[in-house]
Each structure stands twice: as C-alpha cells, then as structure tokens.
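Numbering (the working numbering), first residue to last: 1 to 173. Idealized CB from N, CA, C, for every residue including glycine. This one's a predicted model, so the numbers in the text were calculated from it and none came from an experiment. Have a look at the structure below before the remarks.
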C-alpha cells in the first residue's frame with residue numbers, strides 16, 4: 001500500500017511540475033519500486049515497533065543501495081537505478097548513501113524523498129499513529145532546504161492543496 005501511495009504522489013507531483021509524460025510514467029514506476037531493496041532487510045528491523053538501534057539503522061540504510069544494485073542487473077532499468085540509489089540523500093548533503101547535496105541529487109530522487117516522507121508521516125506505522133495533514137505540511141516546510149529541495153517543497157504543497165482542497169492561507173504558506 002505504501003508503494004502505491006508513493007507512486008500516486010510521484011505521478012501527481014510530476015504532473016504538477018509539468019514534466020513530460022515519459023518522466024511522469026518513470027516517476028510512477030519509481031514510486032512503486034523504490035523500497036524493493038528492503039527485501040534484504042531483516043523483518044525484525046522492518047517491523048520493529050520502537051526506535052532502531054544505530055546498528056539496525058545502519059542495516060536499514062542499505063536498502064537503497066540493495067534496490068539499485070538489484071535493478072542494475074535488469075536490462076531497461078538503467079534510468080531507475082540512480083533514482084532509487086539516491087532517494088535518501090538530503091538537499092543539505094547529510095543523507096545517504098553518498099552524501100550528495102542540492103541539484104547533484106537526481107530530480108526524481110529529490111521528488112521521491114518528499115513523497116516517501118509524506119506517505120510515511122500520514123499513514124499508520126508500527127511505531128506511531130498517522131500525523132495530521134497540517135502537521136505534515138509544517139514538517140515539509142521546516143525541512144525545506146535541509147532534507148528537501150525547497151523548490152520541490154513549494155510545488156508539492158501546491159499539489160497537496162489541489163488534491164486535498166485546502167487554501168494557502170489555511171496551510172500558513
């Protein structure tokens with residue numbers, strides 16, 4: 001279900017950004033498969049109800065590399081590999097696996113970072129209840145320029161406004 005939500009968010013954001021149809025399709029596909037590398041993550045870590053230890057988090061962080069490596073063996077998946085590999089990079093360079101920053105992070109990876117985080121915040125998790133929409137938007141604003149690309153944050157919030165029908169004034173943007 002998470003992957004389907006992220007795929008829909010990715011396609012919607014790509015449309016909001018007026019990307020060409022082939023990029024919108026790629027955005028949807030990447031949203032569907034972005035966590036495929038978690039197949040190599042032990043279920044005890046994936047389903048842990050509490051905070052991960054440093055060692056568990058180190059293992060969890062490997063999923064983006066695992067997924068990229070798995071897909072690199074598939075003919076025709078070349079465009080997906082760097083997007084998957086870098087979807088946990090941060091705009092300020094403090095992400096993983098390579099510590100890329102700003103526009104050196106692939107565009108669809110920067111988009112995926114926001115869409116993935118938004119869905120994670122708004123859905124029930126084994127370690128917490130869903131976060132209200134207004135709080136999610138505030139978190140995206142707070143992380144604009146650090147975790148997330150600020151230009152994409154603005155477009156994502158506009159997309160959410162269109163999708164959920166709230167005004168800029170209501171969101172405080």
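Residue of 7, 56, 143 minimising C-alpha distance to residue 84: The residue given as residue 84 occupies position 84 in the chain shown. When only C-alpha atoms are compared, the closest one is 7.
Residue 19 versus residue 30: straight-line alpha-carbon distance, rounded: Here residue 19 refers to the residue found at position 19 when the chain shown is read from its first residue. Here residue 30 refers to the residue found at position 30 when the chain shown is read from its first residue. Those two C-alpha atoms are separated by around 15 Å.
Just to confirm my understanding: we take residue 38, look at its own chain, exclude 5 residues before and 5 after, and list those with CB closer than 7 Å. What are they? Walking along the chain shown from the start, residue 38 turns up at place 38. For residue 38, where only same-chain residues beyond five positions count, the Cβ hits under 7 Å are 46, 63.
Residue 125 in three-state terms, based on DSSP: Within the chain shown, numbered from 1, the residue matching residue 125 stands at position 125. It is a strand residue.
Does the beta carbon of residue 133 fall short of 7 Å from some heavy atom of the ligand COA? This structure does not include the ligand COA; it has no bound ligands of any sort.
Hey, would you say residue 149 sits closer than 8 Å to residue 34, going by beta carbons? Mapped onto the chain shown, residue 149 falls at position 149. Mapped onto the chain shown, residue 34 falls at position 34. No. Outside cutoff.
Nearest to residue 104 (by Cα), restricted to the options 89, 21, 67: Within the chain shown, numbered from 1, the residue matching residue 104 stands at position 104. Cα-wise, what sits closest to residue 104 is 89.
Go ahead and label residue 172 buried or exposed: buried means 16 or more other beta carbons lie within 10 angstroms of its beta carbon, across all protein chains shown. Taking the chain shown and counting its residues from 1, one reaches residue 172 at position 172. A caution first: residue 172 carries a pLDDT of 44, below 50, which makes its placement in the model too unreliable to give a value.
Report back the beta-carbon spacing between residue 32 and residue 3 to the nearest angstrom; my notes put them in contact at under 8 Å. Taking the chain shown and counting its residues from 1, the one referred to as residue 32 is at position 32. Taking the chain shown and counting its residues from 1, the one referred to as residue 3 is at position 3. A Cβ-Cβ distance of about 5 Å is found for the pair residue 32 and residue 3, placing them in contact under the 8 Å criterion.
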